[in-house]
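Numbering (our numbering), first residue to last: 547 to 1298.
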């Protein structure tokens, strides 16, 4: 090395210059240069370490490295300060030189030693894992135990419903949602709102957004404290069993003939209209269908109403839908006024009806209760004045009032899709005033009100509490039963709509997971069950839901009705394409006939279309389709019976012609015998053998069928244990199809 070769020629002050030069070279050298010098120094140190009293590199300790470094620095300081003589320069030079060698050598060793120590735990772990893998590979495979699938955790974090209202604070919302105030304030800032304190009131829209982010279901409470309260008309829902005269009674009240124009003579929509009573008072009536398929419509009517008029026919009495109407009214905590209709009929018995209602838990006034009972006749209009008095008296006791000013809230009674005007929603205003140009949120949809019409189709400027209106201007078709709220901006409407759509999708996934995980079918049930895909199209949203629920009620262990798509409006080409893709049947209810192009497309694709305007006709046809689709149940029945009179043995002449065969000579005493049937041999009532018929002869001729009273000879395959007096039965396998059952109340089901 350069430093070692020149060490003998450097003296005096020249050594200081040389040492400084070496130090500068050390500092500015590259990594490759340092590695080469380190290798040379290591080799030199290993050869001459004992010469200077040092130990080999394998024994250098960390303390020795520190001591060597300190010695080098001390010598450098002495030389820099001018200490030392020229005579001792050579000795100092040698000491410094070998100290540097030991320093570099020890440093390299310590670095390598530390790296090795750091790698030791990892190497040990790797060796252990390799050993375990080798051992597992040599072992025999073990069958893993069955682990049932885990249920998807799609439920919201807070599975409860809280009530929110206008002007509530973050502090109150945090208590109701069981969340921290800081978390709610962070959510509030994310939606672009800012409050100075957790006790500052916020709008009900912001409260709903925060609750949706937390994962809590909400129910809005409209507060009447912020506005002037004014009396409003009562909202009365007419409920009862099918064909008990609900619509006829309303026709008598408003002097119209709606019932005569209804298809099939039954109501199939939820109608809303205002009736001006002879006294001058106004009452908003909701007419509900009585058929069993429209249970959801009756529930919606009870939810939005103030008073329920329970119509019961005096001749029929209490029927299944009557009991359902009572339960809906009790669930909604709505008072009931009983109207016993058809009292003009000779078979009418109002007293029997009162006893039946009392047995169902209604406390009638005649029995000391508070439920008013009025005997009426829609045909002769008898008792209508007393019914009006009862309704107005009930409304007066309830003191029905609502605010007129402030943001409006309404309830969707029905929704439909119009070709020219788009999505339309029939609604009852709860509070506030619904005006044109307002931004509204309807369920998961939003829009800006373009026009408001009354029930006669006349355009009006605004809708006030208890008034049924038709709203135009929505971006999408809402669901019947959705709430309508008015917001102050389009941005707020979009935000609420997006949050609600997200929640609807989460609820849908939760429902799907519960269906597929909570109620799994066995493989045998799935293999035997046939799927019937169905596409449902109807005139309004309420009937879509009613038809869908009715079709799903036709599910049976043999046929599963899978509603793949629902929609409002006529049948379109996209419906045909979807039906072709999944092999579905298209069900149209109360819609116009499709154009010729759609009809040709369905005929070409062999797609079945069921179009009806009456609900029970639709269910009857779909019931027949389901019965035809069902594979049926295989049943075995006795088709004939014969008595063994004698036994004949046919011996085989050679091995090629087979062994001996026993023939049973029989007389058919009941039914008939066929050669393709299965035969059963009975002795003293016990089954001895069962097998196929190998031969059936009458005389010497082979026959296929032998009737009652005829003698024959027969051979049962692989059976030769015949005795005189035995009974042989001819078994027939029959496929029994399920039955479509329709009750008097209109409820339908498939009986397997």
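Glycine included, C-beta positions come from ideal geometry on N, C-alpha and C.
Values in this document were obtained by computation on a predicted structure and should not be read as measured data.
Straight-line gap, residue 1100 to residue 988 (C-alpha atoms, nearest Å): The C-alpha of residue 988 is placed about 32 Å away from the C-alpha of residue 1100.
Per-residue DSSP class, three states only, for residue 1220: Residue 1220: strand per DSSP, three-state reduction.
Given 8 Å, three or more beta-carbon pairs between the stretch 903 to 917 and the stretch 732 to 750: At 8 Å Cβ cutoff, the stretches do not touch.
DSSP three-state assignment for residue 1130, whether helix, strand or coil: Three-state DSSP puts residue 1130 in coil, outside helix and strand.
Simplified DSSP state of residue 1117, which is helix, strand or coil: Looking at residue 1117 - three-state DSSP - the assignment turns out to be coil, as it is neither helix nor strand.
Beta-carbon separation (whole angstroms), residue 1260 vs residue 1241, contact threshold 8 Å: Your pair residue 1260 and residue 1241 checks out as a contact, with CB atoms roughly 7 Å apart and the cut at 8 Å.
Enclosing alpha helix (DSSP H) for residue 987 [first to last residue]: It is not in any alpha helix (DSSP H) - residue 987 instead sits in the beta strand (DSSP E) that spans 985 to 988.
Closest residue to residue 1288 among 1120, 1164, 1227 and 1278 (Cα-Cα distance): Selected option, being the one with the closest Cα: 1164.
Minimum length 3: unbroken beta strand (DSSP E) runs contained in the stretch 1223 to 1254: Listed in chain order, the complete beta strand (DSSP E) runs (minimum 3 residues) inside the stretch 1223 to 1254 are 1224 to 1229 and 1232 to 1244.
Residue environment, residue 672, which counts as buried when at least 16 other CB atoms sit within 10 Å: It counts as exposed.
Backbone CA spacing between residue 985 and residue 1020 [nearest angstrom]: Distance between the alpha carbons of residue 985 and residue 1020: 9 Å.
Cβ-Cβ distance between residue 1344 and residue 782 below 7 Å: As displayed, the chain neither begins before 547 nor continues past 1298, which places residue 1344 out of reach and without an answer.
DSSP state of residue 1281 mapped onto helix, strand, coil: Three-state DSSP puts residue 1281 in a strand.
Beta carbon of residue 956 nearer than 7 Å to that of residue 928: The criterion of a C-beta distance shorter than 7 Å is not satisfied by residue 956 and residue 928.
Validate contact between the stretch 704 to 720 and the stretch 755 to 763 using beta carbons, cut 8 Å, 3 pairs: Yes, they touch.
Continuous beta strand (DSSP E) assignments of at least 3 residues falling wholly in the stretch 923 to 979: The stretch 923 to 979 contains these whole beta strand (DSSP E) runs: 947 to 949, 955 to 964 and 968 to 977.
Close Cβ partners of residue 594 (< 7 Å) along its chain, the five nearest in sequence each way excluded: With a pLDDT of 41 at residue 594, under the threshold of 50, the predicted position of this residue should be treated as unreliable, though the coordinate-derived value follows. Excluding five sequence positions before and after residue 594, none of the CB atoms of its chain fall closer than 7 Å to its own CB.
Extent of the continuous beta strand (DSSP E) run through residue 1076: Per DSSP, residue 1076 belongs to the beta strand (DSSP E) from 1076 to 1084.
Buried versus exposed call for residue 960 [16 or more other C-beta atoms within 10 Å across all chains shown]: Residue 960 should be labelled buried.
Extent of the continuous beta strand (DSSP E) to which residue 785 belongs: 781 to 786 is the span of the beta strand (DSSP E), which, as asked, contains residue 785.
Contacts around residue 1112, its chain only, beta-carbon distance under 7 Å, and the 5 residues preceding and following it disregarded: Within its own chain, the residues whose Cβ lies closer than 7 Å to the Cβ of residue 1112, once the five positions on either side in sequence are excluded, are 1082, 1090 and 1094, listed in chain order.
CB of residue 884 within 7 Å of CB of residue 922, strictly: If you check the CB distance, residue 884 and residue 922 do not come in under 7 Å.
Residue 709 - DSSP class collapsed to helix/strand/coil: Three-state result, residue 709: strand.
Residue 677, DSSP secondary structure in three states: Of the three classes helix, strand and coil, the one that applies to residue 677 here is helix, per DSSP.
Selected residue, minimal CA-CA separation from residue 546, among 742, 745, 767 and 744: For the chain, the structure presents residues 547 to 1298; residue 546 sits outside this window and is missing.
Residue closest to residue 1045, alpha-carbon to alpha-carbon, out of 679, 754 and 674: The shortest C-alpha separation from residue 1045 is found at 754.
Euclidean distance between Cα positions of residue 1120 and residue 1146: For residue 1120 and residue 1146, the distance between alpha carbons rounds to 14 Å.
Residue range of the unbroken beta strand (DSSP E) whose run includes residue 830: Run containing residue 830: 828 to 833, per the beta strand (DSSP E) assignment.
For residue 939, the nearest candidate out of 1042, 1076, 950 and 780 (CA to CA): Nearest option by C-alpha distance: 780.
Whole beta strand (DSSP E) elements within the stretch 1020 to 1059, 3-residue minimum: The qualifying runs are 1029 to 1033.
Where residue 608 falls: helix, strand or coil (DSSP): In this prediction, residue 608 has a pLDDT of 47, which is less than 50 and means its spatial position is unreliable; nothing more can be read from the coordinates.
Integer-rounded CB distance, given that residue 850 should sit under 8 Å from residue 786: Contact doesn't hold; Cβ gap of about 18 Å is too wide.
Local Cβ density within 10 Å of residue 1195, reported as buried at 16 or more and exposed below that: Exposed, because fewer than 16 other Cβ atoms sit within 10 Å of the Cβ of residue 1195.
Exposed unless 16 or more other CB atoms sit within 10 angstroms - verdict on residue 1181: By the 10 Å Cβ count, residue 1181 comes out exposed.
Spatial distance of residue 967 from residue 1018 (CA atoms): For the pair residue 967 and residue 1018, the Cα-to-Cα distance works out to about 7 Å.
Simplified DSSP assignment, three categories, for residue 886: Looking at residue 886 - three-state DSSP - the assignment turns out to be strand.
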